[in-house]
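A quick write-up on the structure given underneath.
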Amino acid sequence: MRFIVSLIFVLWASCLLAQSSPEFSLPFNEPAAHIKFLASDELGGRMTGEHGNDVAARYIASRFLRYGLKPLAPNYLQPVPFIKRSAPNDVALAIGDKTFSNDETLLLSGEATRVSAPVVYAGFGIVDSATGRDDYKGINAKGKIVVARIGTSEDDSPRELFGAFQRKQEIAKAKGALALVELYRFGFPLSRLKSLVGRTTLALDDGSETQSSFPHLLLNDDDSQIRAFVESEKKLAGKLETDGYKKQKVISNNVVGTIEGTDARLKDEYVLLSAHYDHIGIQPTPNSDDSIYNGARDNAMGTTALLCAARVFGESPPKRSVIFLACTGEEMGLLGSKFYAEHPLVPLNKVVFNLNVDGAGYNDTSVVTVIGLERSTAEQDLIEACKAFGLEAIQDPAPEQNLFDRSDNVSFAKKGVPALTFSPGFRAFDDAINKYYHQAADQADEHFDFRYFHRFVKAFIWAARRIADNPNAPRWKAGDKYETASQRLYGR
Ligand SMILES: [Zn+2]
């Protein structure tokens with residue numbers, strides 16, 4: 001009898017303990033094995049639309065299958081359609097007997113073009129019916145190459161200068177011009193502007209990409225020599241040849257699976273766990289021959305946390321159902337999560353919370369930084385989950401970086417879903433972070449803290465579990481800027 005009483009006591013005590021202490025194991029090498037593959041050179045930086053990105057997606061899908069997740073799309077892959085716009089290789093411009101090459105020009109818009117036509121000079125190239133201003137007065141621009149000064153007037157602010165491109169292009173087009181050349185003269189070197197503007201970009205193929213095909217370029221004219229030449233010489237012949245911007249349809253995939261919850265009532269609610277698996281690929285790196293941006297911290301770390309949670313929950317599901325979403329296109333502007341939020345595979349009003357995992361790196365391995373920690377009622381579960389592994393959950397220490405709105409959680413927050421980002425511990429966005437953030441050095445090598453990583457992943461899994469088991473679904477705290485969207489989504 002005494003034996004039975006003590007047995008019952010032991011069982012009761014262990015039940016109590018089970019509610020407060022983590023009941024899963026994560027072998028040290030499990031997260032290490034994932035990150036070493038995902039951040040390997042062979043995956044070439046997992047750039048959206050590139051081969052290494054597809055291999056990473058296939059790896060994640062294959063793991064989801066192994067862990068028993070239910071696919072929410074064939075083979076767990078949700079195709080995301082993109083338009084890739086590749087920058088021109090060659091821009092050759094001639095005005096009179098002067099020729100200009102790639103280095104002196106920046107093509108703003110235009111496809112493959114070959115134009116030979118007279119050149120006309122049109123001042124700033126502005127026509128404004130409200131004020132009666134007409135820089136084209138007395139000029140016939142039809143069938144000609146229009147050369148104009150940059151901006152709208154002598155003392156333009158940078159905003160006016162760069163904001164006038166669209167308007168001036170439309171005016172030139174309406175005047176029947178074949179091309180518009182703006183003479184660039186500004187404190188910011190054209191070569192640097194080119195690295196920002198004249199590069200290959202991806203956009204969602206949803207009809208929002210409205211890149212013009214009109215040839216429009218900037219020509220460096222620091223010392224106003226070209227302006228003087230074009231103004232003084234009449235009857236100049238011009239020639240423009242370029243391979244232009246090339247558009248191509250590209251598919252990259254979100255990887256999505258789900259695990260059904262164990263509670264008869266709560267399983268109709270979903271916790272969405274997300275992490276982006278894409279990174280920024282291969283790029284020239286000054287002073288180094290390593291050009292592969294492996295993205296170990298950003299975000300093979302988060303992808304690994306997602307995979308480990310999928311394995312643990314596959315073996316022992318929580319009360320609520322869980323969606324596992326590995327996003328593509330984050331580095332191109334949160335595009336994969338944006339697409340998913342527009343085309344959810346489970347209705348968004350059944351998703352009670354999004355715990356996203358992503359980060360730039362860490363500089364304090366005693367903490368986990370939760371971007372948005374204080375903004376939802378999941379706060380306590382997050383704090384306790386980190387504490388269980390000797391880590392302190394801290395709030396965003398660098399609000400000026402606007403990190404809340406710079407990761408995939410915001411795609412769901414905007415729809416009203418309480419959505420936060422679980423990030424490796426950092427107390428400031430300082431040099432220790434910048435050393436790795438979007439650098440080729442962000443690798444799973446001897447500088448990477450595998451011990452911290454292991455604890456970080458465990459804390460993430462435990463946080464997800466506590467939230468998915470909590471009888472009360474998380475909510476935005478009163479007054480949050482996404483509270484109205486939340487009321488709209490859930491109808492309460
Ligand atoms: Zn990231």
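Per our numbering, the very first residue in the sequence shown carries number 1; after that it's consecutive. Where is the CB? At the ideal position from N, CA and C, for every residue including glycine.
Is the beta carbon of residue 454 within less than 8 Å of some heavy atom of ligand 3?
-> Summarising the ligand content, the structure contains ligand 1 and does not contain ligand 3.
Looking at C-alpha atoms only, which residue of 401, 23 and 246 is the closest neighbour of residue 112?
-> The option with the nearest alpha carbon to residue 112 is 246.
Give a yes or no on whether the C-beta atoms belonging to residue 328 and residue 80 are separated by under 9 Å.
-> Judged by beta-carbon spacing, residue 80 lies within the 9 Å limit of residue 328, meaning their Cβ atoms are closer than that value.
Report buried or exposed for residue 358, applying the criterion of at least 16 other Cβ atoms within 10 angstroms of its Cβ.
-> Classification of residue 358: buried, given that the 10 Å Cβ count is 16 or more.
Euclidean distance between Cα positions of residue 177 and residue 103 = Cα-Cα distance, rounded: 24 Å.
Report the three-state DSSP secondary structure of residue 213 (helix, strand or coil).
-> Per DSSP, reduced to three states, the secondary structure at residue 213 is coil, with no helix or strand assignment.
On the premise that residue 436 lies in contact with residue 361, defined as a C-beta separation below 8 Å, what is that separation, rounded to the nearest angstrom?
-> Between residue 361 and residue 436, the beta carbon gap of about 5 Å places them in contact (Cβ cut-off 8 Å).
Per-residue DSSP class, three states only, for residue 270 | Strand.
Can you tell which of 174, 470 and 341 has the C-alpha that lies nearest to the C-alpha of residue 266?
-> Taking only the C-alpha atoms, the option nearest residue 266 is 470.
Return the bridge partner residues of residue 121 from the DSSP annotation.
-> Beta-bridge pairing links residue 121 to 147.
With DSSP run on the structure shown, which of helix, strand or coil describes residue 91?
-> Three-state DSSP puts residue 91 in a strand.
Three or more C-beta pairs below 8 Å linking the segment 249 to 262 and the segment 41 to 57 | Yes, the segment 249 to 262 is in contact with the segment 41 to 57.
Within 10 angstroms of its Cβ, does residue 458 collect 16 or more other Cβ (buried), or is it exposed?
-> Buried, because 16 or more other Cβ atoms sit within 10 Å of the Cβ of residue 458.
Report yes if the C-beta of residue 296 is less than 8 Å from at least one heavy atom of ligand 1; otherwise report no.
-> Because no heavy atom of ligand 1 lies under 8 Å away, the Cβ of residue 296 does not count as near it: no.
CB contact flag (residue 399, residue 237, <9 Å) = No, these two residues do not count as a Cβ contact at 9 Å.
Apart from the five residues on each side of it in sequence, which residues of its chain come closer than 8 Å, Cβ to Cβ, to residue 109?
-> Around residue 109, the same chain offers 169, 211, 212, 213, 214, 215, 216 and 245 as residues with beta carbons nearer than 8 Å, after the five sequence neighbours per side are excluded.
From 167, 189, 335 and 149, residue whose alpha carbon lies closest to that of residue 411 | Checked all of 167, 189, 335 and 149; the closest Cα to residue 411 is 335.
Closest residue to residue 377 among 352, 389 and 401 (Cα-Cα distance) | Closest option to residue 377, Cα to Cα, is 352.
By how many angstroms is the C-alpha of residue 87 removed from the C-alpha of residue 290?
-> Within the model, the alpha-carbon separation for residue 290 versus residue 87 is close to 23 Å.
May I ask which residues mark the beginning and end of the beta strand (DSSP E) holding residue 106?
-> Segment 105 to 109, the beta strand (DSSP E) holding residue 106.
Cβ shell of residue 474 (< 7 Å), same chain only, five flanking positions each side left out | When the five nearest sequence neighbours on each side are left out, the beta carbons in the same chain lying within less than 7 Å of the beta carbon of residue 474 are those of 352, 353, 376, 377, 378, 418 and 467, in order along the chain.
Exposure of residue 195, with buried meaning 16 or more beta-carbon neighbours within 10 Å | So residue 195 ends up on the exposed side.
Would you mind reading off the limits of the beta strand (DSSP E) that contains residue 316?
-> No beta strand (DSSP E) contains residue 316, which DSSP labels as neither H nor E.
Tell me whether residue 182 is buried or exposed, calling it buried when 16 or more other Cβ atoms sit within 10 Å of its Cβ.
-> Around the beta carbon of residue 182, 16 or more other beta carbons sit within 10 angstroms, so the residue counts as buried.
Taking residue 494 as part of the beta strand (DSSP E), name the residues at either end of that continuous run.
-> Any property of residue 494 remains undetermined from this structure, which presents the chain solely from 1 to 492.
Is residue 26 closer than 9 Å to residue 324 when the C-beta atoms are compared?
-> With contacts defined as CB atoms closer than 9 Å, residue 324 and residue 26 fail to qualify as a contacting pair.
For residue 338, collect the residues of the same chain with a Cβ closer than 6 Å to its Cβ; drop the 5 residues on either side in sequence, then sort them by chain order.
-> Its chain contains 411 as the residues whose beta carbon lies nearer than 6 Å to that of residue 338, once the 5 sequence neighbours on both sides are disregarded; these appear in chain order.
Do residue 346 and residue 293 have their CB atoms nearer than 9 Å?
-> No. Outside cutoff.
Three CB pairs or more closer than 8 Å across the segment 415 to 429 and the segment 478 to 489 | At 8 Å Cβ cutoff, the stretches touch.
Measure the C-alpha to C-alpha separation of residue 395 and residue 427 and round it to an integer number of angstroms.
-> Note on geometry: alpha-carbon atoms of residue 395 and residue 427 lie some 9 Å from one another.
Quick one: is the Cβ of residue 329 within less than 8 Å of any heavy atom of ligand 1?
-> Proximity of the beta carbon of residue 329 to ligand 1 is not indicated: no heavy atom of the ligand is located closer than 8 Å.
Can you give me the Cβ contacts of residue 45 inside the same chain, cut-off strictly under 7 Å, excluding the 5 residues immediately before and after it?
-> Answer for residue 45: 52, 279, 280, 281, 282, 292, 293, 294 and 295, listed in chain order.
Using the rule of at least 16 other Cβ atoms within 10 Å of the residue's Cβ for burial, across every protein chain shown, is residue 311 buried or exposed?
-> A residue is called buried when at least 16 other Cβ atoms come within 10 angstroms of its Cβ; residue 311 meets this threshold and is buried.
Assign residue 60 to one of three DSSP states: helix, strand, or coil.
-> Three-state result, residue 60: helix.
Assumed close pair residue 356, residue 274 - CB separation to whole angstroms, cut-off 8 Å | About 5 Å separates the CB atoms of residue 356 and residue 274; that is less than 8 Å, so the two are in contact.
Indicate whether residue 150 and residue 161 have their beta-carbon atoms separated by less than 9 Å.
-> Contact flag set, yes.
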